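Engineer: Got a structure for you, written out below as structure tokens; questions coming shortly.
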Amino acid sequence: DAKTTQPPSMDCAEGRAANLPCNHSTISGNEYVYWYRQIHSQGPQYIIHGLKNNETNEMASLIITEDRKSSTLILPHATLRDTAVYYCIVRVFQGAQKLVFGQGTRLTINP
Amino acid sequence: GAVVSQHPSWVICKSGTSVKIECRSLDFQATTMFWYRQFPKQSLMLMATSNEGSKATYEQGVEKDKFLINHASLTLSTLTVTSAHPEDSSFYICSAVPAVEGETQYFGPGTRLLVL
Chain A
28 DAKTTQPPSM DCAEGRAANL PCNHSTISGN EYVYWYRQIH SQGPQYIIHG
78 LKNNETNEMA SLIITEDRKS STLILPHATL RDTAVYYCIV RVFQGAQKLV
128 FGQGTRLTIN P
Chain B
125 GAVVSQHPSW VICKSGTSVK IECRSLDFQA TTMFWYRQFP KQSLMLMATS
175 NEGSKATYEQ GVEKDKFLIN HASLTLSTLT VTSAHPEDSS FYICSAVPAV
225 EGETQYFGPG TRLLVL
């Protein structure tokens, strides 16, 4: 699986949009971009995934660049409960493949 | 939907004893489950892949005789830490992949193990 690069930490004001970047310059054509988050002392929570088109669900939006070498996870109206470590993972969308977690981005939402 | 539970949520045991951790998919069947370990201030590390009805596949460096995995049904996988030692103290997390969807992993809440 391709490696991802994320900033170690970010801050965002409550109520503002949180934009979390991820670089995956070696991504292959059959690899998807997955985002998970882990709130302190809990298991990771699935957020969203995509291949090349932008995706949106009730939690977030995922913007993938045209060359697919980077992506941005957008939390449109961040709340204090969004404080967590966010992981960007690329993997082949083929069966139950294992996830390789990097260090992620520690997002702190400030009141 | 896609809820995964773990039991117990935390456990304290004496060195040398064995501890069993259960991972259940509550509202879906999972042919594949994964077991991860997370030490303080570190990321998750995959320990093994568990497939229903077959032997688990362990990651390099993970002792299969120490971390016994059983996936006897489509909704339950167990991890037994045998002869636990203080260095086994960690946060153990499982994930499950719905058999129908077959792709996205859903994680349990984790089990914190402290070996004295």
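Chains as they are written, first to last, in the numbering used here: chain A, 28 to 138; chain B, 125 to 240.
Positions of the beta carbon are idealized from the N, C-alpha and C atoms, including for glycine.
The structure displayed is predicted, hence computed values, not measured ones.
For residue 134 of chain B, is the classification buried or exposed, using 16 other Cβ atoms within 10 angstroms of its Cβ as the cut-off for buried?
Structural biologist: exposed
Engineer: So is the beta-carbon of residue 33 of chain A under 7 Å away from any non-hydrogen atom of the ligand FAD?
Structural biologist: The ligand FAD is not part of this structure, which contains no ligands at all.
Engineer: Can you grab the Cα-Cα spacing for the pair residue 37 of chain A / residue 177 of chain B, in whole Å?
Structural biologist: 43 Å
Engineer: Would you say residue 150 of chain B lies against chain A (beta-carbon separation less than 8 Å)?
Structural biologist: Judged by the 8 Å Cβ criterion, residue 150 of chain B is not in contact with chain A.
Engineer: Given a limit of 9 Å on CB to CB distance, which residues of the region 65–92 of chain A reach chain B?
Structural biologist: 65, 68, 69, 70, 71, 72, 73, 76
Engineer: Spatial neighbours of residue 88 of chain A within its chain, please: CB distance less than 6 Å, with the 5 preceding and 5 following residues excluded, ordered by chain position.
Structural biologist: 101
Engineer: Rank B/185, B/160, B/167 by C-alpha distance to the C-alpha of residue 174 of chain B and give the top, closest one.
Structural biologist: B/160
Engineer: What is the DSSP secondary structure of residue 85 of chain A, counted as helix, strand or coil?
Structural biologist: coil
Engineer: Does the Cβ-Cβ distance between residue 126 of chain A and residue 47 of chain A come in under 8 Å?
Structural biologist: One thing to note: residue 126 of chain A has its Cβ no nearer than 8 Å to the Cβ of residue 47 of chain A.
Engineer: For a contact meaning CB atoms closer than 7 Å, what does residue 126 of chain A contact in chain B?
Structural biologist: 229
Engineer: Tell me which residue opens and which closes the beta strand (DSSP E) that residue 196 of chain B is part of.
Structural biologist: 191–197
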